[in-house]
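Following the numbering used here, the numbering of the sequence shown begins with 165 at its first residue and continues without gaps. Glycine included, every Cβ here is placed at the ideal spot set by N, Cα and C. Model, not experiment: these values are computed from the prediction. In what follows, a structure is listed as structure tokens, so that the remarks can point back to it.
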Amino acid sequence: MDAPLLVTFLVVVPVAVVVALLVASASAAAPRAFFVFGDSLVDNGNNNYLMTTARADAPPYGIDFPTHMPTGRFSNGLNIPDIISEHLGSQPALPYLSPDLRGDQLLVGANFASAGVGILNDTGIQFVNIIRIGQQLQNFQDYQQRLAEFVGEDAARQVVNNALVLITLGGNDFVNNYYLVPFSVRSRQFAIQDYVPYLISEYRKILTRLYELGARRVVVTGTGMIGCVPAELAMHSIDGECARDLTEAADLFNPQLVQMLSQLNADIGGDVFIAANTNRVSFDFMFNPQDYGFVTSKVACCGQGPYNGIGLCTPASNVCPNRDVYAYWDAFHPTERANRIIVGQFMHGSTDHITPMNISTILAMDNTQQGLGLPAAAAASLHPISPWLADVHP
Numbered sequence: 165m166d167a168p169l170l171v172t173f174l175v176v177v178p179v180a181v182v183v184a185l186l187v188a189s190a191s192a193a194a195p196r197a198f199f200v201f202g203d204s205l206v207d208n209g210n211n212n213y214l215m216t217t218a219r220a221d222a223p224p225y226g227i228d229f230p231t232h233m234p235t236g237r238f239s240n241g242l243n244i245p246d247i248i249s250e251h252l253g254s255q256p257a258l259p260y261l262s263p264d265l266r267g268d269q270l271l272v273g274a275n276f277a278s279a280g281v282g283i284l285n286d287t288g289i290q291f292v293n294i295i296r297i298g299q300q301l302q303n304f305q306d307y308q309q310r311l312a313e314f315v316g317e318d319a320a321r322q323v324v325n326n327a328l329v330l331i332t333l334g335g336n337d338f339v340n341n342y343y344l345v346p347f348s349v350r351s352r353q354f355a356i357q358d359y360v361p362y363l364i365s366e367y368r369k370i371l372t373r374l375y376e377l378g379a380r381r382v383v384v385t386g387t388g389m390i391g392c393v394p395a396e397l398a399m400h401s402i403d404g405e406c407a408r409d410l411t412e413a414a415d416l417f418n419p420q421l422v423q424m425l426s427q428l429n430a431d432i433g434g435d436v437f438i439a440a441n442t443n444r445v446s447f448d449f450m451f452n453p454q455d456y457g458f459v460t461s462k463v464a465c466c467g468q469g470p471y472n473g474i475g476l477c478t479p480a481s482n483v484c485p486n487r488d489v490y491a492y493w494d495a496f497h498p499t500e501r502a503n504r505i506i507v508g509q510f511m512h513g514s515t516d517h518i519t520p521m522n523i524s525t526i527l528a529m530d531n532t533q534q535g536l537g538l539p540a541a542a543a544a545s546l547h548p549i550s551p552w553l554a555d556v557h558p
């Protein structure tokens, strides 16, 4: 074999091997643990165990869940964490407060989210007893102690380092704090242009603590189109236009969140934090609902009043017969079908929807690194090696 052919062979074979390893390991790897933090968009039922008004434990919530019973999810069926768990090949992580979270269930992960919370401790005070984000992080630390007692400290650390983490915060800091009432405490303390950087700085502290607790792959969602949800249309819209103040707030918050995550990754030296652009995903079906099979993206399926956006979803509410053609289930929360569209973009979307890479790329990269025997934390310091990696799905 002459020299040029030998060089070509030595270059091509490793690339082919890497591609094969990515595909094989991504499809064959065991499900990883999944941890969830945040608010009602991702709460799987923790608030069922609390004395709070922020709860979804009565019909018609859960009408399309496999059991057709309410579970505490603010959805007609599955929510965003449930659908991500499907993609991971695992069962949904149980609420942290569930008495069933023990033994082998600890290896699946845990959902620490609580409806009503925000970045700030004074967000959602009207809901009384909710698990604020500082306590969610403390619960995560307590969970790790329980896990270590079950599998040992080294194995517990590996479970946490290898896990996928989802955190969803921010919307309530506007809807249920700054803009909750005219002349709220926070609106008198800050102009909105100053409030947003304050939120971002506090959020950075939360994410830094999450990293200190062992999280190495964290999907951070921005706020959705909070000015366009049925509740805001019902209260503030005359002609169906989105509420201007909340829309401007989201437009300020989301770019600053992405910038903060990028800087945090640079400080850490790896792609630990992944920015999911919920606003862009929501925009796609909010303003082009028919393209996604929805008959409306403004009227909630369950509720009363204009846009079915007044009050709570209760057994006495109007309930649409076909939830699949509605983008919103209640005054604030998407239907299961809308959640599936959102998660689909998180899993396979372009950098317009999730950056610096989508979840499928993360899973493929991490599974390959673990298959090659590298430490779990090492994968978080690696950047995508070329554009074709984005097409590799687990």
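query: Can you give the beta carbon distance from Ala480 to Gly473, rounded, assuming they're within the 8 Å contact cut?; result: About 16 Å separates the two Cβ atoms, so there is no contact after all.
query: Under the three-state reduction of DSSP, which class applies to Leu328: helix, strand or coil?; result: strand
query: So what does Cys466 bridge to, in DSSP terms?; result: Val483
query: Answer yes or no: do Phe291 and Thr235 have a C-beta to C-beta separation smaller than 7 Å?; result: no
query: What does DSSP give as the partner residue(s) for Ile244 in the beta ladder?; result: According to DSSP, which records beta bridges pairwise, Ile244 is partnered with nothing at all.
query: Whole angstroms is fine: what's the gap from Met529's alpha carbon to Asn285's?; result: 36 Å
query: When you compare the CB positions of Thr515 and Thr442, do they come within less than 7 Å of one another, or not?; result: no
query: Can you tell me the Cβ-Cβ gap for Arg381 and Leu328, rounded? I've got them flagged as a contact below 8 Å.; result: 5 Å
query: So the candidates are Asp221, Asp203, Phe199, Gln305; which of them puts its Cα closest to the Cα of Ala257?; result: Phe199
query: With C-beta atoms as the reference, is Asn486 less than 7 Å away from Ile247?; result: no
query: Return the residue from the list Asn326, Ile297, Gln255 that minimises the CA-CA distance to Leu527.; result: Asn326
query: Are the CB atoms of Met450 and Met399 nearer to each other than 7 Å?; result: no
query: State the start and end residues of the unbroken alpha helix (DSSP H) segment that holds Val422.; result: 408-432
query: Can you tell me whether DSSP reads Tyr490 as helix, strand or coil?; result: strand
query: At a cut of 8 Å, does the region 199-216 reach the region 272-284 through at least three beta carbon pairs?; result: yes
query: Going by DSSP in three states, Glu313 sits in which element: helix, strand or coil?; result: helix
query: Decide yes or no for the touch test of the region 334-345 against the region 301-311: beta carbon pairs closer than 8 Å, at least 3 of them.; result: no
query: Quick check: the Cα distance between Leu363 and Gly334, rounded to an integer number of angstroms?; result: 8 Å
query: Can you give me the start and stop residues for the beta strand (DSSP E) that Ile438 sits inside?; result: 437-440
query: Ala190: buried (16+ other C-beta within 10 angstroms of its C-beta) or exposed?; result: Note that Ala190 scores a pLDDT of 40, beneath 50, so its modelled location is shaky; the value from the coordinates is reported in the next line. Under this definition Ala190 is a buried residue.
query: List the whole-angstrom C-beta distance separating Ile518 from Ile438, where the pair is believed to meet the contact cut-off of C-beta under 8 Å.; result: 6 Å
query: Under 7 Å, Cβ to Cβ, is there at least one residue of chain D near Ser524?; result: The chain inventory of the structure shown lacks chain D, comprising one protein chain alone.
query: Take the Cβ of Asp358 as the centre, count every other Cβ of all protein chains shown within 10 Å, and call the residue buried at 16 or more, exposed below.; result: exposed
query: Could you give the first and the last residue of the continuous alpha helix (DSSP H) run that contains Val459?; result: Neither: Val459 is in no alpha helix (DSSP H) and is coded neither H nor E.
query: Give the DSSP bridge partners of Gly202, in chain order.; result: Thr332
query: Exposed or buried, which one is Ser365 when buried takes at least 16 other CB atoms within 10 Å?; result: exposed
query: Could you give the residue range of the alpha helix (DSSP H) that holds Gln508?; result: The sequence shown places Gly at residue 508, not Gln. 500-512 is the span of the alpha helix (DSSP H), which, as asked, contains Gly508.
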